[in-house]
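Remarks on the structure that follows.
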DNA sequence: TTGGGTGCAAAATGTTTGCAATTCG
DNA sequence: CGAATTGCAAACATTTTGCACCCAA
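Chains as they are written, first to last, in UniProt numbering: chain U, 1 to 138; chain L, 1 to 138.
Pasting the structure below:
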């Protein structure tokens, strides 16, 4: 599924700007901020505005094609929704994020989910220190 | 431990404003925004500015007395660090948050934590629908 | 007394909105 | 062509910063 198809399937018109945004998200290994998209695309041939990026991300989020996340307690980040959901290890030393290849909660019976509260999703981030920063940290 | 002692232990001067902020956090059952603190204290006898609140929360966060959280993908919230850490059920219907009384991950061996990445903390939020909203939602 | 703290204003940052001009279908 | 989309400016909300005055230690 390429950018063009993704946009079509959302019922959105395929514009130069939107294609570039979706392509950028497809290439991104990590959640990215609106500003990162803006800077990256501005450096290429693509000229577009931040408001367009926000609007597009908003629309794609509504269609569940993009997910808004908030990693590292800072800005909003956005990532393409791929297989299921995704969690990250976040290094407190260098801020790098490492995607986990599976959900640690998968298949787990959560004590909180009972008839009084129906759990439909979760968000999990693991913090710590990567190999390099473990050394530097001491 | 009261507000006064908490501030002292952080090496911060005990001022009227800071005391009020910490007391408010102690009474709060849930993470609160800077603005909520501002409005609540303004209504009482306490006069103080938002910048003072942000500065104080910043300092308390640095001392690990307060934790910054971002629930519901919206604004920054702050909560007093009590016993260990805390997780919430968040209702997507009414936005209400319900504190869990224990950490579902407690005692769990996380597959990601090995010698290459040392896990020191995590953040987990569970989303779903509370009893009332399960009915309304359909 | 004095260095940290606060009031206050102003700036910086991130995001949203309104509208005319443009472009996709 | 007509509706959706964009460029652009301006508004908005949140958070940070600078500085003179103030007050806790």
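Here a beta-carbon is modelled for each residue, glycine too, at the ideal position from N, C-alpha and C. It should be emphasised that the depicted structure is a prediction, and the values quoted were computed from it without experimental measurement.
So for residue i, helix, strand or coil by DSSP?
i	result
residue 100 of chain U	coil
residue 22 of chain L	helix
residue 69 of chain L	strand
residue 130 of chain L	strand
residue 50 of chain U	helix
residue 125 of chain L	strand
residue 105 of chain L	coil
residue 120 of chain L	strand
residue 110 of chain L	coil
residue 45 of chain L	coil
residue 60 of chain U	helix
residue 36 of chain L	helix
residue 79 of chain U	strand
Could you tell me whether the Cβ atoms of residue i and residue j are closer together than 8 Å?
i	j	result
residue 67 of chain L	residue 83 of chain L	no
residue 32 of chain U	residue 3 of chain U	no
residue 41 of chain L	residue 122 of chain U	no
residue 130 of chain U	residue 86 of chain U	no
residue 28 of chain U	residue 54 of chain U	no
residue 65 of chain U	residue 10 of chain U	yes
residue 60 of chain U	residue 104 of chain L	no
residue 98 of chain U	residue 92 of chain U	no
residue 57 of chain U	residue 38 of chain U	no
residue 124 of chain U	residue 124 of chain L	yes
Going by Cα to Cα distance, which pick from the options is closest to residue i?
i	options	result
residue 116 of chain L	U/77, U/8, U/102, U/128	U/128
residue 24 of chain L	L/12, L/11, L/6	L/6
residue 47 of chain L	L/29, L/65, L/87, L/15	L/15
residue 52 of chain U	U/64, U/20, U/65	U/20
residue 118 of chain U	L/120, L/135, L/77, L/43	L/135
Along chain U, in chain order, which residues have C-beta atoms closer than 8 Å to that of residue i?
i	result
residue 134 of chain L	118
Please confirm whether any heavy atom of the ligand SAM lies closer than 7 Å to the CB of residue i.
i	result
residue 56 of chain L	Absence of the ligand SAM from the depicted structure is noted, as is the absence of any ligand whatsoever, leaving it without description.
If the cut-off is 8 Å on Cβ atoms, which residues from the stretch 119-131 of chain U count as contacting chain L, listed in chain order?
For the stretch 119-131 of chain U, the beta-carbon criterion of a distance under 8 Å to any beta-carbon of chain L is satisfied by 119, 120, 121, 122, 123, 124, 125, 126, 127, 128, 129, 130, 131.
Taking any Cβ of chain L, which residues in the stretch 90-110 of chain U have a Cβ under 8 Å from it, in chain order?
Of all residues in the stretch 90-110 of chain U, 91, 92, 98, 100, 102, 104, 105, 108, 110 have a Cβ within less than 8 Å of some Cβ in chain L.
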